[in-house]
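Presented below is the structure to which this report refers.
Number of protein chains: 2
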Amino acid sequence: MQRREKRELREREIIEKSIALLSQRGFLDLRMADIASETKYSMGTIYSHFESKEDLLVACALTLVLEHRIVFNAIADQPVSAIEKIITTALCSWQISMRHPDLIEIDNLSLMPSVWRRATKQRANELNQLHVELAGMFLGIVVEAIETSLSGYEQLDRNQVEQLASHLTHGMWGLCVGLSSTAQSGYASTLCPDGADESDRYFYTNYSNFLKGYGWQEENPEAVFARCRRMAQQCIDQTTWFSDARQGPQS
Amino acid sequence: MQRREKRELREREIIEKSIALLSQRGFLDLRMADIASETKYSMGTIYSHFESKEDLLVACALTLVLEHRIVFNAIADQPVSAIEKIITTALCSWQISMRHPDLIEIDNLSLMPSVWRRATKQRANELNQLHVELAGMFLGIVVEAIETSLSGYEQLDRNQVEQLASHLTHGMWGLCVGLSSTAQSGYASTLCPDGADESDRYFYTNYSNFLKGYGWQEENPEAVFARCRRMAQQCIDQTTWFSDARQGPQS
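Going down the list, the protein sequences come from chains V and E. Numbering-wise (full-length UniProt numbering), the first sequence opens with residue 1 and increments by one. Numbering-wise (full-length UniProt numbering), the second sequence opens with residue 1 and increments by one.
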């Protein structure tokens with residue numbers, strides 16, 4: 001095995017074990033020494049891959065965002081309309097965050113300035129580039145949805161459509177991140193201790209109204225969401241970390 | 001001074017210095033030993049107040065959510081319509097998170113299960129109760145807005161109006177949390193390095209469409225947002241930590 005290949009394999013192993021540790025113990029008690037002891041590598045080896053805990057956390061997030069890309073590609077390949085792809089994407093994000101809050105925390109931590117600003121520039125940049133790629137894919141789908149399924153934009157020129165699509169793209173992302181964060185709070189858990197149905201309802205009402213505000217005029221939005229929910233499940237099952245089976249690398 | 005009073009003062013001092021430390025150094029490197037050295041209290045004293053870093057973090061969040069309550073009460077007292085109070089609340093949350101991302105990180109961390117589940121029950125519960133109180137205040141305003149400014153709900157009975165108001169309340173909270181988290185990401189910062197105007201535009205488009213989807217029919221939503229923005233500033237200025245002047249306890 002080449003030296004470089006060996007290094008990459010080792011890095012992957014450290015990341016996978018770190019995700020598993022984070023998921024068991026939370027991030028506030030994460031110590032590089034625990035990672036060393038778990039992986040049996042020396043502290044020097046760990047630090048030769050990751051300069052800081054922040055750097056390691058961004059690397060973990062990167063691994064998980066690559067899983068989101070698998071979901072995303074699976075959605076893009078579905079033989080359905082652009083608006084259904086948008087809804088399926090939102091449903092995937094929701095279902096993943098409700099089932100794997102431990103993993104989504106890692107994603108959300110990597111968005112925080114006190115984390116990504118302290119990671120190495122190269123690692124932070126890799127994560128940004130991956131987000132740029134995903135946002136670009138999504139933007140294409142949104143432009144198609146504006147042209148075919150959203151009303152009120154007939155007068156817009158190409159630039160204006162793209163700007164609107166960019167706002168919708170980032171609004172969707174924000175809504176996914178925010179609805180799942182607040183749904184995982186202690187407050188939500190006190191309010192509906194075993195309320196998966198109620199949570200789904202809350203997700204549906206807010207998402208369908210968000211799209212309605214952007215001009216989605218659909219007589220039976222619930223039926224569309226129900227159809228997309230089945231598709232979302234199939235797309236999630238194609239991943240390693242998010243799949244229900246979770247034959248994941250950590251086991 | 002009574003013993004109890006002394007204890008409370010000391011607890012407050014530890015919390016305020018911890019917020020300042022978190023804001024300077026981030027949370028991954030937070031060590032109880034740093035808090036002890038900063039406050040000149042022994043580790044035993046620190047631990048007699050906070051069982052764990054998670055407990056301390058929830059206590060810090062509690063202090064900041066009390067500041068949100070000040071903002072909130074100031075908004076509730078404004079002589080404006082319910083829908084304008086809703087928009088002003090969203091604008092306050094947005095402006096605070098854009099100016100004080102370090103503080104909002106603490107709020108967002110406290111929503112994560114790996115944090116609040118590891119805090120003491122009492123502290124986690126205090127935070128939940130405060131969120132219950134704020135959500136209840138907001139819900140009353142939303143019910144009024146549904147009755148006076150949102151269209152399409154004339155057929156709903158009281159229970160249905162309250163359920164809708166609850167979804168809107170939590171959707172608003174989620175949208176605030178999510179839009180500000182994603183706007184602070186490295187990706188957003190790469191995309192618009194000095195784009196405060198562009199960020200404001202992104203916030204406005206997503207918020208106004210969210211409310212439009214809930215039935216807000218307003219001919220000139222931009223003018224309403226502009227009016228509410230000025231009001232938001234005045235309400236924020238009534239706090240210690242979020243005010244621009246920030247004569248805050250940490251200085």
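Ideal Cβ positions, reconstructed from N, Cα and C, are used throughout, including at glycine. Just so we're clear, the structure is a prediction, and the values are computed from it rather than from any experiment.
Residue state for E/TRP241 is assigned as coil, using DSSP reduced to three classes. Closer than 7 Å to the CB of E/SER151 there is not a single CB belonging to chain V. Within chain V, the C-beta atoms nearer than 8 Å to that of E/ARG118 come from GLY26, LEU28, in chain order.
Remark: C-beta atoms of E/HIS170 and V/TYR202 approach each other more closely than 7 Å.
The way I'd put it, the segment 16-27 of chain V doesn't touch the segment 66-76 of chain V; fewer than three beta-carbon pairs between them come closer than 8 Å. Restricting attention to alpha helix (DSSP H) runs no shorter than 4 residues, the segment 76-163 of chain E encloses them at 82-99, 101-110, 113-116, 121-148, ordered along the chain. Any Cβ of chain V closer than 7 Å to the Cβ of E/GLN78 would place that residue at the interface, and such an atom is absent. If you look at E/PHE225, you'll find it in the alpha helix (DSSP H) that goes 221-236. Taking 7 Å as the threshold, the shortest C-beta distance from V/THR45 to chain E does not fall below it. Boundaries for E/SER185: no alpha helix (DSSP H) harbours it, and the DSSP string shows neither H nor E there.
Nearest to V/GLY136 by C-alpha distance, out of V/SER149, V/HIS167, V/THR120, V/MET112, is V/HIS167.
Contact between V/SER52 and V/ALA119 holds, with the beta-carbon distance rounding to 7 Å and staying under 8 Å.
Only residues of its own chain outside the window of five on either side were considered, and among them none has a CB closer than 6 Å to the CB of V/ARG117. Of all residues in the segment 180-192 of chain V, only SER181, THR182, GLN184, SER185, GLY186, TYR187, THR190 place a beta-carbon less than 7 Å from a beta-carbon of chain E. A straight-line Cα-Cα distance of about 15 Å links V/GLN129 and V/CYS60.
Among the bridge pairs identified by DSSP, V/TRP216 is matched with V/LEU150. Taking the Cα positions, V/SER110 is about 12 Å away from V/GLU126. In the structure shown, E/CYS60 adopts helical secondary structure according to DSSP, grouped into three states.
With 16 or more other CB atoms across the displayed protein chains lying within 10 angstroms of its CB, V/GLN95 is buried. Rounded to the nearest whole angstrom, the C-alpha separation of E/ALA223 and E/TRP216 is 14 Å. Taken atom to atom, the span from the alpha-carbon of V/THR240 to that of V/LEU62 is near 14 Å. By the neighbour-count definition (other C-beta atoms within 10 Å, threshold 16), E/ALA226 is an exposed residue.
For V/GLY174, a Cβ of chain E is located within less than 7 Å of the residue's own Cβ.
In the DSSP assignment, V/MET32 falls within the unbroken alpha helix (DSSP H) covering 32-39.
Interface with chain E (7 Å Cβ-Cβ cutoff): V/SER114 is included.
The beta carbon of E/ILE87 sits closer than 8 Å to those of TYR207, LEU211, VAL224, PHE225, CYS228, all from its chain and outside the five residues before and after it, given in chain order. Annotation: the continuous alpha helix (DSSP H) that includes E/GLN24 extends over 3-25.
Contact between V/LEU57 and V/VAL115 holds: CB atoms are separated by about 6 Å, below the 8 Å threshold. Remark: three or more beta-carbon pairs, one from each stretch, lie closer than 8 Å, so the segment 174-185 of chain V and the segment 174-183 of chain E are flagged as touching. Per the coordinates, the alpha-carbon of E/ASN159 lies some 13 Å from the alpha-carbon of E/GLY140.
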